[in-house]
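Peer 1: Pasting in a structure now, in structure tokens, and then I'll have a few things to ask.
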Amino acid sequence: MSAMPLANAASSSPLGTSIEVSGVSFVRFDNPLRVEAYTQPGASLTVMHRIAGNGGCFMVPEGNLLCGLIQWVVKEDGSVIPEYWIEHGELEELTAQQEQKVGARPEDSDRGGRPTFVESP
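Taking full-length UniProt numbering, the leading residue of the sequence shown gets 1, the next gets one more, and so forth.
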């Protein structure tokens with residue numbers, strides 16, 4: 001049996017895209033460790049309302065917006081993938097810390113010009 005076609009296919013938001021929810025700003029950010037931690041069985045996720053201009057379902061880890069957002073995007077083939085949105089203030093702190101450690105070298109940044117980060121588990 002094939003999957004039903006989606007009424008409105010969602011697409012991934014490009015890294016660096018910004019959104020605002022309840023007065024808090026978030027930036028689409030690649031963080032596989034947080035995605036893994038926040039989507040493992042037993043993790044606490046609170047369903048949010050739709051965010052205009054963004055498909056999929058948004059959830060709040062641990063019920064705390066400062067933990068960021070997980071966006072579940074339904075792909076055209078019916079698979080679902082989680083994407084992470086970091087709280088803007090935290091991203092600014094991480095960026096400042098990274099720049100202090102390595103300087104603002106182009107080879108230390110992603111395509112959006114922001115430093116890349118590796119978190120310890």
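No residue lacks a Cβ here, since even glycine has one placed at the ideal position from N, Cα and C.
Looking at the structure shown, is GLN71 part of a helix, part of a strand, or coil, going by DSSP?
Peer 2: strand
Peer 1: Could you pull out every residue in the same chain whose Cβ sits closer than 7 Å to the Cβ of GLU62, ignoring the five residues on either side in sequence?
Peer 2: SER44
Peer 1: Could you give the residue range of the beta strand (DSSP E) that holds GLU20?
Peer 2: Where GLU20 is concerned, the enclosing beta strand (DSSP E) stretches over 18 to 21.
Peer 1: Indicate the three-state DSSP secondary structure (helix, strand or coil) for ARG111 in the structure shown.
Peer 2: Legend: pLDDT at ARG111 = 47, less than 50; position of this residue unreliable, no value from coordinates given.
Peer 1: Tell me where the beta strand (DSSP E) around PRO14 begins and ends.
Peer 2: Here PRO14 belongs to no beta strand (DSSP E), and DSSP marks it neither H nor E.
Peer 1: Please go through the same chain and pick out, in chain order, the residues whose beta-carbon is closer than 6 Å to the beta-carbon of SER13, but skip the five residues on each side of it.
Peer 2: ARG28
Peer 1: Find out if the Cβ-Cβ distance for the pair ASP87, PHE26 is shorter than 8 Å.
Peer 2: Inspection of the sequence shows that residue 87 is occupied by Glu rather than by Asp. Their beta carbons are under 8 Å apart, which means GLU87 touches PHE26 by this criterion.
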